[in-house]
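So in the UniProt record's numbering, spot 256 of the sequence shown is number 256, and the numbers just go up one at a time.
C-beta atoms are modelled at their ideal positions from N, C-alpha and C, and glycine is treated no differently.
The structure appears right after this line, and notes come after that.
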Amino acid sequence: MPTSTSNTLKSVIQALEAAKFDAFFMADHLAVLNMPIEALKRSHTVTSFEPFTLLSALSQVTERIGLAATASTTYDEPYHIARRFASLDHLSEGRAAWNIVTTGNPESSKNFGLDEHVQHSERYKRAREFYDVVTGLWDSCADDAFIRDPESLVYIDPEKIHTLNHKGDDLQVKGPLNIARPVQGWPVIVQAGESEPGRQLAAETAELLALKQLAENVIISRILPAAMVLIGDSVEDAQQKRLRLDSLVHYDSAISSLSIALGTDASKFNPDGPIPSGDELPETNASHTSRTSVISLAKKDGLTIRQLAGRYGGYAGLAFVGTAETVADKMQRWLEEEASNGFMVTFPFLPEGLEAVTQKLVPELQRRGVFRQDYQGTTLREYLGLPRHRNQFFNATSGAEIDGVDTVLTSNRKRGLETKETLAGQKKRKH
């Protein structure tokens with residue numbers, strides 16, 4: 001957070017790098033969340049760093065760990081996003097990742113000249129086109145376009161620059177991008193949407209899928225469920241820490257968190273009654289993923305509004321609570337049964353929560369051979385076992401521009417759709 005000192009942030013990311021974590025993931029908010037003042041005064045969401053500024057700074061005090069930034073396709077422009085991520089990838093020598101979001105917070109629209117939030121379906125339609133434009137801009141230059149010959153005084157070969165000239169339903173971008181192709185070809189693409197349009201976008205674009213909950217009919221190159229990890233000296237000690245954390249959640253904050261997740265004011269509901277249905281819980285233009293998750297949890301566990309608020313005011317997702325050994329047991333099972341390819345770890349408190357994971361859990365996972373002893377390769381793509389993207393406009397061998405570029409883009413879109421359809425009949429794993 002911006003109230004943290006630079007030394008604190010440096011120590012956190014350097015501890016993660018020393019423990020050989022793949023990447024440092026940074027979420028983003030484009031507006032202060034709309035909540036009652038009693039909840040707002042207890043919320044950390046009123047302040048957050050702009051991701052590119054922070055990660056660019058952190059790239060200079062780290063050498064290996066990946067740097068994943070969240071960037072919105074609804075309230076930004078593809079040329080800006082392409083340029084920022086290319087810059088971050090160069091500054092970090094190939095460690096950048098883009099978490100594609102469409103922005104679920106309706107308050108964001110008012111900070112960008114709009115009275116109403118863009119409709120859910122339109123946000124995802126724009127996002128799909130946005131992705132094509134950004135990746136097209138990253139491929140503006142062949143990898144060998146920059147000659148930099150002092151004798152001929154030629155800096156760049158103009159034959160190895162591609163002008164995009166994109167004109168679509170939502171976007172019009174000429175190009176080319178005014179920075180060399182990213183070190184990784186493209187920064188790693190991350191997606192976290194769990195609504196139906198979000199899953200479709202992920203199937204067509206994502207290389208990493210960051211999930212709050214396991215979803216049916218989705219498979220991506222790498223699946224990383226979010227997980228809170230809480231380590232204690234004993235299982236009972238860890239469970240007591242979790243109970244203590246949950247007890248600190250104030251009801252004003254809890255009901256506000258539930259309201260945001262539902263997209264409607266939950267304080268008007270009977271706190272000791274079940275979650276309403278029908279007209280009492282109308283559809284909204286906020287995040288469909290959060291709303292669906294809340295309703296599903298309430299019905300599955302038979303929770304009252306008060307109980308549901310308690311879950312969402314604290315931490316309602318996947319949690320590994322126990323000793324380093326028992327948590328390692330659970331993580332190892334997930335990995336060996338191919339329920340996930342890793343985890344997006346969140347720490348309940350700092351610095352003790354971080355230290356317990358890096359100094360106790362990670363060594364235990366390394367001892368079992370299920371986590372790396374050191375980084376393999378120099379880029380985030382190499383750590384994750386992902387290939388470097390070929391330039392869609394230039395031949396990798398000759399550097400010559402490729403004919404029939406439109407078919408390359410079309411086949412990329414079809415590949416994503418086929419991936420989703422192939423998995424439509426697979427059974428959901430239960431853990």
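{"Asked": "Helix, strand or coil for residue 51 per DSSP?", "Found": "helix"}
{"Asked": "With the cut-off set at 9 angstroms, would you say residue 177 and residue 75 are in Cβ contact?", "Found": "no"}
{"Asked": "Is the beta carbon of residue 245 sitting closer than 9 angstroms to the one on residue 315?", "Found": "yes"}
{"Asked": "So, residue 190 versus residue 347, is the Cβ gap smaller than 9 angstroms?", "Found": "no"}
{"Asked": "Is DSSP giving residue 78 helix, strand or coil here?", "Found": "helix"}
{"Asked": "Since residue 294 and residue 239 should fall inside the 8 angstroms C-beta cutoff, what is the C-beta to C-beta distance between them, to a whole number of angstroms?", "Found": "No, residue 294 and residue 239 are not in contact; Cβ-Cβ is about 25 angstroms, not under 8 angstroms."}
{"Asked": "Whole angstroms is fine: what's the gap from residue 88's alpha carbon to residue 143's?", "Found": "17 angstroms"}
{"Asked": "Among 209, 353, 163, 380, which has the Cα closest to the Cα of residue 65?", "Found": "380"}
{"Asked": "Quick one: what does DSSP say residue 155 is sitting in, helix, strand or coil?", "Found": "strand"}
{"Asked": "Taking DSSP's pairing of strands, which residues face residue 321 in a bridge?", "Found": "230"}
{"Asked": "Determine, using beta carbons only, whether residue 257 and residue 313 come nearer to each other than 9 angstroms.", "Found": "yes"}
{"Asked": "Grab the span of the beta strand (DSSP E) containing residue 72 for me, first residue to last.", "Found": "66–72"}
{"Asked": "Between residue 281 and residue 274, what straight-line distance do the alpha-carbon atoms span, to the nearest angstrom?", "Found": "12 angstroms"}
{"Asked": "I need the DSSP call for residue 206, collapsed to helix, strand or coil.", "Found": "coil"}
{"Asked": "Need the endpoints of the alpha helix (DSSP H) that residue 99 sits in, please.", "Found": "Note, residue 99: premise wrong, no alpha helix (DSSP H); beta strand (DSSP E) at 96–101."}
{"Asked": "Residues in the same chain with beta-carbon distance under 6 angstroms from residue 310, minus the five sequence neighbours each way, listed in chain order, please.", "Found": "254"}
{"Asked": "For residue 168, which residues in the same chain have their Cβ closer than 6 angstroms to its Cβ, ignoring the five residues on either side in sequence?", "Found": "129"}
{"Asked": "Using the DSSP secondary-structure output, state which residues sit across from residue 304 in a beta bridge.", "Found": "274"}
{"Asked": "At the level of alpha carbons, what is the spacing between residue 83 and residue 248?", "Found": "42 angstroms"}
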